[in-house]
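In what follows, a single structure is set out as C-alpha cells and then discussed.
There are 2 protein chains.
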Amino acid sequence: MDSATATSVETSNGSVTHRPGQTLTEVEPANSTTAQRAITTPQRKYRHVAAVHSKVRPSCLSHDSTAAPSFIGFRNLMVIVLVAGNLRLMIENLQKYGVLICIRCHDYRRSDIMVGGLLYFLIPCHLFAAYLIELAAAQQARGSRTRIKDDDAGPSEADKKAFHSTWVLVAWAHAINVTLALAITTFVVYFHVHHPLIGTLTEFHAVIVWLKTASYAFTNRDLRHAYLHPIKGEHIPELYKECPYPQNITISNLGYFWLAPTLVYQPVYPRTDKIRWSFVLKRLGEVFGLSAFIWVASAQYATPVLQNSLDKIASLDLASILERLLKLSTISLVIWLAGFFALFQSFLNALAEILRFGDRSFYDDWWNSESVGAYWRTWNKPVYTYFKRHVYIPLLGRGWSHQAASTTVFFVSAVLHEILVGVPTHNIIGIAFLGMFLQLPLIAITGPLEQMKLGQTGKLMGNIIFWVSFTVFGQPFAALMYFYAWQAKYGSVSRQVV
Amino acid sequence: MDSATATSVETSNGSVTHRPGQTLTEVEPANSTTAQRAITTPQRKYRHVAAVHSKVRPSCLSHDSTAAPSFIGFRNLMVIVLVAGNLRLMIENLQKYGVLICIRCHDYRRSDIMVGGLLYFLIPCHLFAAYLIELAAAQQARGSRTRIKDDDAGPSEADKKAFHSTWVLVAWAHAINVTLALAITTFVVYFHVHHPLIGTLTEFHAVIVWLKTASYAFTNRDLRHAYLHPIKGEHIPELYKECPYPQNITISNLGYFWLAPTLVYQPVYPRTDKIRWSFVLKRLGEVFGLSAFIWVASAQYATPVLQNSLDKIASLDLASILERLLKLSTISLVIWLAGFFALFQSFLNALAEILRFGDRSFYDDWWNSESVGAYWRTWNKPVYTYFKRHVYIPLLGRGWSHQAASTTVFFVSAVLHEILVGVPTHNIIGIAFLGMFLQLPLIAITGPLEQMKLGQTGKLMGNIIFWVSFTVFGQPFAALMYFYAWQAKYGSVSRQVV
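Chains as they are written, first to last, in the UniProt record's numbering: chain D, 1 to 498; chain U, 1 to 498.
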C-alpha cells in the first residue's frame, strides 16, 4: 500500500488508446505546472472511476506470458522447509530418546589405544626403509652415470638391461617393505583393535603410506631412467629442475611427501611464500567444530535409526527397509557433507598452509556433477590424480583400452574401500567393494546422458541421477549393512542402552 | 576418467615457468608435426613423473578463490531431499492410518444442500435490485442533464445539492439492499448450514456480491457526477468512451460484471478477440486435478495431524504445539499452493477466457516478496486493487494519512476474513480477524528491511521473514485454532473414525 505506486497508477487514468501528448492537453491546456501536478498528485474527484483494468495482459505464470517470473522465493522456501522439517524431527527425536550424547559411554579399550599408538609410529618406519631402498638405487645410478659419461657413447644394451634388473630388485624391495606395513596393520586391526574408529584411522594411515610409497617408487624409477638414459622429446617437468634426481633422495624430501596433502610424489611442489597462521587457526576451528557436529549427529540421530532398522533387515521387510533407507539418507548425507568439508576443505587446507603446499585443488564442484563419472573425477582429487597418473595413463601407454584401464582403477579402488571399511569393522562382507565396483556399470549407464548434449534438461537429469544414487542408495545402504553385520557379530558398539 | 582430459593434463608436463614457444622447441625442434603429436598423444616414457601439482591454486570453496563455484547441484539436492523426505512421511502415514479417503463418509446433509442452493439463486436477486436503483438514478440524471443543458449556465449550487441528496438516497438504497444480502446469508449459514464447505462457498458468494455492488455504486456515482457536472482537468478514462454513462446502466453490463474475474466495476473492460476453448479446457482440467489433490491431501495428511494435535492444545504443552505446527506447516503449505494455483491461475484464467476478459493480472510473483507488505500487494490483486481504488485512495483524497488509510483497509479486510472463516465454522473466535489485523505491525516491522537497501542480504532476509511468518505461523496456526474450536463444539466433521 505504498502511496507512490498508488498515485502513479490511479492518476494515469489508464486508457489503452490515449496518446501521452493528448492526455496533457486534456488535463490542463494553459498551464503545464498544473498539468504535472495532476499527474503527481491524486485525482481530487472521480476517484472511484480509475480504470485498473486498462489493458490486455496475461497472468505471470501463464504460457501466454513472454518471460517466466523469477522463482528465487521458492528456493528460499525450500531451505526454510528443510530447516523446519528437520527441526521438527529433532524435537521428535529428543522427545523419543532424550539426550544420547555421552563421552564416557564409549568403549575405547586401553589395549586399542596402545596398539593404535604403536602402529602410528611403526608405519613411518617403513617409509624410512623405502628411503634406504631409493638411496641405494640412487648410489648405483650415480655410478652408472659416471661410467656412461666416461664412455660418451650413450647407453648400451647392457646398461639398459642393468637398469631394468635394478628396477625389478628395487620394485620388489619396495613392494615387500610397504605391503608388510599394510599387512601388519591390517592383521593387527582385524584381530586386535576392537573399536572401529581407532581401527579406521590406523588402516587409513597404512593405506595412505602404501599408496605414497608406490608413487615414490614409480616416480623415482622414471626420474632415474631419465637421469641415466634421457630420450629425445620426452622430458622432465621444468618444475623439478630446482631439485634434479638424485638430489631429491633425502630424508627431508620424503618426510615432506609423507605429510603433504597429496598422494602423488613430486621432487618439487609449488609452494606458497608464507604461512598465514590465522588461516590455519580458522581451518582447525572448522575441523574441530565439524567433528563435534558429526559426533553429535551420529550419536543422537544416526544411531537410533540404525538401531531401529535391525529387525527390519532381519525380517527382510522391503517397504520398511526402503523407509529406513530414506530416513537414514538425510542424516547420513548431512554427516557426509560435514565430513567432506572438514577433511577436504578445512583439514587439507590447514595442512597445506602449514606445509606451504601451493596446490589446494583437493576437489572441484562435484555437487554439480552431471554424471556419476564426473563425480568420481571431482570429489576426491588426490585419489583421482593418483590413479590417473600411476594406473590409468601407464596402462593406456601399454596399449590397454580405456575400458580395461578404468576397470582396473575401479577394481583397485574397490579393494582398498573394502579394506578400509571391512577390516576395522571386522566384517569383510564385500558391500564396500561392490558399492565401488558397481559404479562402473552406473557410469556406463549415465555416461550417454552426459554426451547426448540434451542441454539443461540432460544436465539436470544427470545431476538428479547422481544425487539419488549417491544419497539414497549409496551411503545409507552401505552404512546400514556394515552396522547390521557389526551388531550381528558384537552387539552394541557402546555400553549405552538405546 | 575420460582420456581427452587425461591426455591434455598428463602431456602438458605442467611447469609453471615454461613459455609456450620454449616447450615446442624443447619437445622436437625440427618437426612441428611430431611436436603436435607429442602434445596430443600420451607420453610414451616417464609416465609417472608428470607434475600434477604444477601451480599454486586455492580450493574452490576457499575465500582465496576468485569466483565462488555454482551451487545449482545443491538446489537439485534440496528438491530431491524434499521429495524423499515427504515420500518417507507418506509411507509412514499409510502404515499408520491406512487409506483415509472416503467419498461417502462426508456428512453433506440434505438440508445443507437445499439451503445452499437456495442462497445461490437468492444472492443475484439483490444484484437485480442494485440494477433497479442505478436505473432510477440514471433516469433522474438524464432529466437533470436536459435541464442543465437548457440553462446553458453550468451547474448551479442547487443542482449540486440535488445531486448530493440523490447520492445519499442511492447510497442508502444500495447499502440496505446489499447488506441485507450479506446479513441473510450470514444468518442462514451460521444457524442452518452445518457443513463448513457449503457454508464457506455461500458466504464467499455473498461477500463477493457485497464488494461488487459497492464498487458498482461508487463508480456510477462518480460517472454520474462527471456526466452532470464535469470538472476541468478531471476526466473519465478514455476506455469508457465506448460506453459512456448512462448507457452502461443495463442488465447485461451488470451481469457481465457479476461474472467477471474482478471486484472493480468498470463500464468497459479490455477484452480479448476470441475464446480459446483448448485454453479453457486445460485450465478446467487443472482446477479439477488440483481440487482432487487438495481433497486427498486434506483427508489423508492434514486431518490426522489436526486430530493428533487436539489433546496437545487442550493441555497447552507448548513444545508439542510447536512440533505440531511445524508438522502441519508442510501439508498446509502444499494445500495452500495448490489452492492458490487452482483458484488464481487456473479458475480465474478459465473464467476470464470464457468471458473474453483481457486483464489476467490476478497475481504477481508474490513468492519473491521482500517484505510482508509486498506479499499483500501481490498475491491477491483483485482484492488489493479493490481496496486501493475504493478505500485507500479515496481516504487519502479526503486528507487521511497513509497510516490511517492502511489501518482502515486492513480492518475491513480483517472483518471480512473473520466472516468468511468464522461464520461457516460457527466459531467467531477472532483468530482470522487478528491474523489479518496483526499484519499491520508485521508490515511495520519488516518495512524498514525493504527500504534499508541492504542489497541481496536484505532482500533474502525479508523474503525469509515473509515465508516463515506465512508458512510456519500464519496458515497452520489459524487452521489449528478453527479446527480445535470446531471439534470442541461438534466433534468430528465427518462420520469416519480416525
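For every residue, glycine included, the Cβ atom is placed at its ideal position computed from N, Cα and C. The structure displayed is predicted, hence computed values, not measured ones.
For residue i, does the three-state DSSP call read helix, strand or coil?
i: Phe-71 of chain U; result: coil
i: Phe-357 of chain D; result: strand
i: Arg-276 of chain U; result: coil
i: Arg-57 of chain U; result: strand
i: Arg-47 of chain U; result: helix
i: Glu-28 of chain U; result: Caution applies to Glu-28 of chain U, whose pLDDT of 34 falls short of 50 and renders its modelled position unreliable; the value that the coordinates give is listed next. It is coil, neither helix nor strand.
i: Arg-271 of chain D; result: strand
i: Pro-441 of chain D; result: helix
i: Ala-488 of chain D; result: helix
i: Gly-430 of chain U; result: coil
i: Tyr-190 of chain D; result: helix
i: Ile-236 of chain U; result: coil
i: Thr-66 of chain U; result: coil
i: Ser-291 of chain D; result: helix
i: Pro-230 of chain D; result: coil
i: Tyr-256 of chain D; result: helix
i: Val-423 of chain D; result: coil
i: Trp-172 of chain D; result: helix
i: Leu-460 of chain D; result: helix
i: Asp-112 of chain U; result: helix
To which residues of the same chain is residue i closer than 6 Å at the C-beta, ignoring the five residues directly before and after it?
i: Trp-295 of chain U; result: none
i: Ser-346 of chain U; result: Arg-283, Glu-286, Val-287
i: Pro-196 of chain U; result: Pro-424, Thr-425
How would you call residue i, buried or exposed, if buried means at least 16 neighbouring beta carbons within 10 angstroms?
i: Glu-353 of chain U; result: buried
i: Leu-94 of chain U; result: exposed
i: Phe-470 of chain D; result: buried
i: Cys-102 of chain D; result: exposed
i: Gln-139 of chain D; result: exposed
i: Val-83 of chain D; result: exposed
i: Phe-71 of chain U; result: exposed
i: Val-115 of chain U; result: buried
i: Pro-237 of chain D; result: buried
i: Leu-211 of chain D; result: buried
i: Val-99 of chain U; result: exposed
i: Asp-222 of chain D; result: buried
Tell me which same chain residues have a C-beta within less than 8 Å of the C-beta of residue i, skipping the five on either side of it?
i: Ile-251 of chain D; result: Phe-128, Tyr-131
i: His-402 of chain D; result: Leu-396
i: Leu-259 of chain U; result: Leu-351, Leu-355
i: Ala-478 of chain D; result: Val-421, Ile-431, Ala-432, Gly-435
i: Lys-160 of chain D; result: His-229
Taking the Cβ atom as the reference point for each residue, do residue i and residue j lie within a distance shorter than 8 Å?
i: Val-287 of chain D; j: Ala-338 of chain D; result: no
i: Trp-467 of chain U; j: Asn-76 of chain D; result: yes
i: Leu-310 of chain D; j: Tyr-484 of chain D; result: yes
i: Pro-476 of chain D; j: Leu-325 of chain D; result: yes
i: Ile-91 of chain D; j: Glu-323 of chain U; result: yes
i: Arg-47 of chain U; j: Pro-382 of chain D; result: no
i: Ser-62 of chain D; j: Arg-271 of chain U; result: no
i: Cys-243 of chain U; j: Pro-267 of chain U; result: yes
i: Val-168 of chain U; j: His-126 of chain U; result: no
i: Phe-357 of chain U; j: Tyr-482 of chain U; result: no
CB-CB under 7 Å to residue i, same chain, minus the five flanking residues each way: which ones, in chain order?
i: His-174 of chain U; result: Ala-130, Ile-133, Thr-213, Ala-217
i: Ser-291 of chain D; result: Ala-342
i: Val-264 of chain U; result: Ser-215, Thr-385, Tyr-386, Arg-389
i: Arg-145 of chain D; result: Tyr-227, Leu-228
i: His-426 of chain D; result: Tyr-190, Lys-489
i: Gln-487 of chain D; result: Leu-310
i: Ser-320 of chain D; result: Lys-312
i: Tyr-301 of chain U; result: Asn-93, Ile-331
My understanding is that residue i touches residue j, with C-beta atoms under 8 Å, so please give their C-beta distance in whole angstroms.
i: Arg-224 of chain D; j: Tyr-245 of chain D; result: 6 Å
i: Ser-59 of chain D; j: Phe-362 of chain U; result: 6 Å
i: Asn-380 of chain U; j: Gly-73 of chain D; result: About 16 Å separates the two Cβ atoms, so there is no contact after all.
Could you confirm whether any beta carbon from chain C is found closer than 8 Å to the beta carbon of residue i?
i: Ile-80 of chain U; result: In the structure shown, chain C does not exist; the protein chains are D and U.
With a threshold of 7 Å, establish whether the CB of residue i neighbours any heavy atom of the ligand FAD.
i: Val-415 of chain D; result: The ligand FAD is not part of the structure shown, which contains no ligands of any sort.
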